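105 is the number of the first residue of the sequence shown in our numbering; add one for each residue after it. Idealized CB from N, CA, C, for every residue including glycine. Here the structure is a predicted model, which is why all the values come from computation and not from measurement. All remarks here apply to the structure that follows.
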Amino acid sequence: QFLRVFGLHVRAIAAISAARETPAEAPKLLEQASSYARLLEEQSGSSRRDATAVAGLIRAGVAAARGRRGAALAGLDRAEKEFLAAKMHLHAACTARRMGELIGGSDGRAMIDRADRAMACQGITRPAKWVDVYTASCD
Numbered sequence: 105q106f107l108r109v110f111g112l113h114v115r116a117i118a119a120i121s122a123a124r125e126t127p128a129e130a131p132k133l134l135e136q137a138s139s140y141a142r143l144l145e146e147q148s149g150s151s152r153r154d155a156t157a158v159a160g161l162i163r164a165g166v167a168a169a170r171g172r173r174g175a176a177l178a179g180l181d182r183a184e185k186e187f188l189a190a191k192m193h194l195h196a197a198c199t200a201r202r203m204g205e206l207i208g209g210s211d212g213r214a215m216i217d218r219a220d221r222a223m224a225c226q227g228i229t230r231p232a233k234w235v236d237v238y239t240a241s242c243d
């Protein structure tokens, strides 16, 4: 199950990133990413919180790529809560950092700083680069 969740997550991030680089293909690529979120939601539940969290993260990336900031923030919030419930603290910190980037201002900066400190405690020296591995850009 872990490999399925991970594989769908990586495919979705690739589709969202490609959609940002090739606007003509964006609708098809974002729908593809959304289909991966649906597949994860089908296998989610209390025993698969990681799948629920990743689905929320994907939906946030799709929403951001479509310019739907409110939906992106809601997806990130949901994903962070599910990652915490699944005890996936590094993923939660990555998600919180993305949320901080999207919120901006002093509140967003505070979220980014907290997330960076949490990642530094795990030996991560370049949090922004690490976050790029786990989440699609939301800018």
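Problem set entry | Sub-7 Å separation of G160 and R182 beta-carbons | yes
Exercise. Does the count of Cβ pairs from the segment 209-220 and the segment 131-146 closer than 8 Å reach three?
Worked result: no
For this session: Check whether the segment 224-242 touches the segment 180-199, counting contact only when three or more Cβ pairs, one atom from each stretch, lie closer than 8 Å.
Result: yes
Exercise. Taking DSSP as the reference, what is the three-state secondary structure of C246?
Worked result: In the structure as shown, the chain starts at 105 and stops at 243, and residue 246 therefore has no counterpart that could be examined.
Exercise. Based on Cα-Cα distance, which residue from G165, L177, I117 lies nearest to I207?
Worked result: L177
Exercise. Which same chain residues, not among the five before or five after H113, have their C-beta less than 6 Å away from its C-beta?
Worked result: V158
Exercise. Between the C-alpha atoms of I162 and A118, what's the straight-line distance to the nearest angstrom?
Worked result: 11 Å
Exercise. Can you give, in chain order, each stretch of the alpha helix (DSSP H) that sits fully within the segment 158-242 and has at least 4 residues?
Worked result: 173-189, 193-207, 209-224, 231-238
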